[in-house]
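All residue numbers for the sequence shown refer to numbering that gives the first Met the number 0, where the first residue is 0 and numbers rise by one.
Note that beta-carbon positions come from the ideal geometry of N, C-alpha and C, so glycine has one too.
Only one structure is covered here, and it is reproduced in the block below.
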Amino acid sequence: MGVFTGTFLISLTSHGFIQSFLYAFLGLIDKILSALADKWNAGVILQCLAIGGLIAVVSKMGGAKAIAEYLSKRAKSPKSAQLITWLLGIFVFFDDYANSLIVGPIMRPVSDKMKISREKLSFIIDATAAPIAGIALISTWVGYEISLIKDGYAQIGQDVNAYTMFVSTIPYRFYNIFILIFIVFTAVLAREFGPMLDAERRARISGKVIADDAKPMVSSENSNIEAKENIKLSIWNAVIPIVVLIISSFVGFYYSGYTTITTGDDKGLIEIVRSAPLSFTSIREIFGASDASVVLFQSAVFSSITAIVMAVTQRIMTLGEAIDTWIEGVKSLIVTAVILLLAWALSGTIKELGTAKFLAGVLSQTVPKFLLPSIVFVLGSIISFATGTSYGTMGILMPLVIPLAHSISPDANYMTMSIGAVLTGAIFGDHCSPISDTTILSSMGSMCDHMHHVKTQLFYSFSIGIVTVLCGYIPTALNVPVVVALTAGIIVCFLIVRFVGKPVDEVECETIIEKISA
């Protein structure tokens with residue numbers, strides 16, 4: 000309906016009201032086909048399907064059950080289970096898609112056993128995907144971010160070291176930092192608020208990790224491929240395929256980026272990567288130039304083959320059974336592929352309508368100096384939420400904000416925080432958006448109802464967004480040291496969890512219920 004409404008509005012500019020219904024339908028089909036025809040989008044869909052197959056084979060071999068039992072021995076409480084999930088999310092820092100697709104399936108059985116709601120699991124996964132990939136020194140995001148910074152400075156006639164500028168923005172990426180710390184506070188203090196409190200209490204008291212009316216992202220008949228009976232469980236049946244996935248991803252990122260650079264036109268960059276291929280600078284540039292969606296699809300297929308070979312050689316399954324299991328896993332993620340296609344089609348429609356450029360043009364005029372970073376953050380959030388893409392939002396705003404910030408104040412710190420506001424606002428809006436691919440993949444990885452994930456996460460994201468503005472961008476724009484702003488923001492995050500949040504502990508919950516009943 001969203002895509003159809005958008006194509007209808009586009010059609011109205013050149014056709015009558017009645018005719019526009021026909022052209023809107025044709026436009027709807029064209030948008031979906033265009034979304035599927037895009038190489039990046041196709042790679043994302045194929046990697047999702049391939050990883051679904053991989054997870055199915057690993058589960059059938061007993062690997063998922065073995066690793067769940069192993070982690071459950073160390074995750075002796077909901078607190079430790081959430082912290083382990085958070086640590087895994089930090090560990091898979093190199094790509095947000097990989098984060099969502101790896102951490103969720105590994106930790107879902109453990110979190111279920113610890114009576115952690117799927118909503119909370121998907122929040123932790125989502126909040127350690129783009130927020131950590133966006134500030135990691137080496138990731139699939141870095142190349143795009145520094146290219147935008149470089150192009151933005153070129154507009155004002157300055158040639159800067161874009162990577163150094165990117166690194167200097169990290170302390171000003173308040174939302175990324177605050178949301179990562181906020182997760183730890185909620186886990187350690189065992190306190191939640193808003194819809195997440197209801198979800199967590201439901202899970203702790205009744206053991207229902209998903210609501211009765213929930214529609215998990217993976218169809219129920221294929222979502223729980225049990226381990227074969229009478230087989231010896233081995234953690235290596237999960238560890239080896241996942242490690243192969245991660246290592247082959249790193250190798251793939253390197254090969255893809257290296258090939259892209261060496262076949263390009265930048266002679267200086269070619270010389271750098273050829274003369275010192277393993278230097279930090281080379282690896283940074285190579286990772287940034289890689290095609291993440293294709294690489295992750297390649298890695299997922301390679302890891303799937305590894306898992307199938309392991310299953311056959313251990314005589315857990317025949318080759319035919321292993322392939323059938325892989326296909327069943329692929330089938331379980333068809334709904335995710337459909338949602339991604341429609342989300343991309345809607346994003347393309349909104350872009351064609353010019354909504355983002357209109358908002359940027361209206362809100363970026365006559366801005367007071369101390370408010371510019373905050374307004375940029377809010378504007379980036381709105382655009383990113385509406386379009387579901389942080390990359391697109393960065394691409395729209397960066398060329399506007401750098402010249403605007405420079406015209407208001409050429410001070411280096413002011414420029415840095417304004418650039419940081421673009422990058423952070425884009426991630427904040429993307430984190431909240433129901434049509435964001437990382438939000439969708441987080442729901443899929445945790446097997447959570449997508450809209451339940453969005454609704455529960457929105458309260459937390461919005462709260463940290465407010466802290467980002469009030470404790471981050473406004474004070475630093477008024478020349479408060481960034482260390483002070485970070486410290487103040489972290490303290491406020493703690494106070495929110497401690498005093499706004501309510502306990503979810505099972506005993507305390509039961510006491511509360513008894514009081515209400517009395």
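Is Arg190 helix, strand or coil when you go by DSSP?
-> Looking at Arg190 - three-state DSSP - the assignment turns out to be strand.
Going by Cα to Cα distance, which pick from Val375, Thr386, Ala411 is closest to Glu431?
-> In the sequence as presented, Glu is not what sits at residue 431; that position holds Cys. Closest option to Cys431, Cα to Cα, is Thr386.
In whole angstroms, what separates the C-alpha of Trp140 from that of Ile315?
-> Taking C-alpha positions only, Trp140 is separated from Ile315 by approximately 39 Å.
Locate the alpha helix (DSSP H) running through Cys431, then write down its first and last residues.
-> 411-431
Start and end residues, alpha helix (DSSP H) containing Ser33 | 16-36
Which of helix, strand or coil DSSP assigns to Lys501 | strand
Hey, how far is the Cα of Ser435 from the Cα of Met195?
-> Cα to Cα, the separation comes out at about 20 Å.
Can you give me the Cβ contacts of Leu53 inside the same chain, cut-off strictly under 8 Å, excluding the 5 residues immediately before and after it?
-> The answer, listed in chain order, is Pro240, Leu244, Ala299, Ser302, Ser303, Ala306, Trp325, Gly328.
Close beta carbons around Phe3, own chain, < 6 Å, minus the five adjacent residues each side = Ala23, Leu27
Where do the N-terminal and C-terminal ends of the alpha helix (DSSP H) with Cys492 fall, by residue?
-> 481-494
Verify whether the separation of the beta carbon atoms of Ala342 and Gly379 is less than 7 Å.
-> no
Straight-line Cα distance separating Asp448 from Pro170 | 34 Å
With 16 other CB atoms within 10 Å as the buried threshold, where does Glu118 fall?
-> buried
Leaving out five residues before and five after Asn40 in sequence, what residues of the same chain have Cβ atoms less than 7 Å from its Cβ?
-> The residues are Ala34, Trp343.
Who pairs with Pro108 in a beta bridge, going by DSSP?
-> Paired residue(s): none; Pro108 is not in a bridge.
Limits of the alpha helix (DSSP H) - the one that Thr6 falls within = 1-11
Between Ile9 and Asn478, what straight-line distance do the alpha-carbon atoms span, to the nearest angstrom?
-> 45 Å
Supposed contact pair Val377 and Val400 - C-beta distance, whole angstroms, cut 8 Å = At roughly 12 Å, the Cβ-Cβ gap does not stay under 8 Å, so Val400 and Val377 are not in contact.
Arg172 beta carbon less than 7 Å from that of Ile124 | no
Smallest Cα separation from Asp429: which of Thr348, Val453, Met446, Met414?
-> Val453
Inspect the beta-carbon positions of Ser417 and Pro480 and report whether they are closer than 7 Å.
-> no
What separation, rounded to the nearest whole angstrom, lies between the Cα atoms of Glu220 and Leu339?
-> Residue placement at Glu220 cannot be trusted, given a pLDDT of 39 that sits under 50; what the coordinates show is reported in the next sentence. The alpha-carbon atoms of Glu220 and Leu339 are separated by roughly 21 Å.
Among Ile89, Ile178, Phe20, which one has its Cα closest to the Cα of Thr467?
-> In terms of Cα proximity to Thr467, the closest of Ile89, Ile178, Phe20 is Ile178.
Where does Asn223 land, buried or exposed, given buried means 16+ other C-beta within 10 angstroms?
-> Residue placement at Asn223 is flagged as unreliable, the pLDDT there being 44, under the threshold of 50; the coordinate-derived value follows with that caveat. It counts as exposed.
Does DSSP put Pro367 in a helix, in a strand, or in coil?
-> Reduced to three states, the DSSP call for Pro367 is coil.
From the DSSP output, in three-state form, read off Asp448 for me.
-> strand
Return the CA-CA distance between Ser218 and Ile490, expressed in angstroms with no decimal places.
-> Low per-residue confidence applies at Ser218: pLDDT is 41, beneath 50, and the placement is therefore not dependable enough to give any value.
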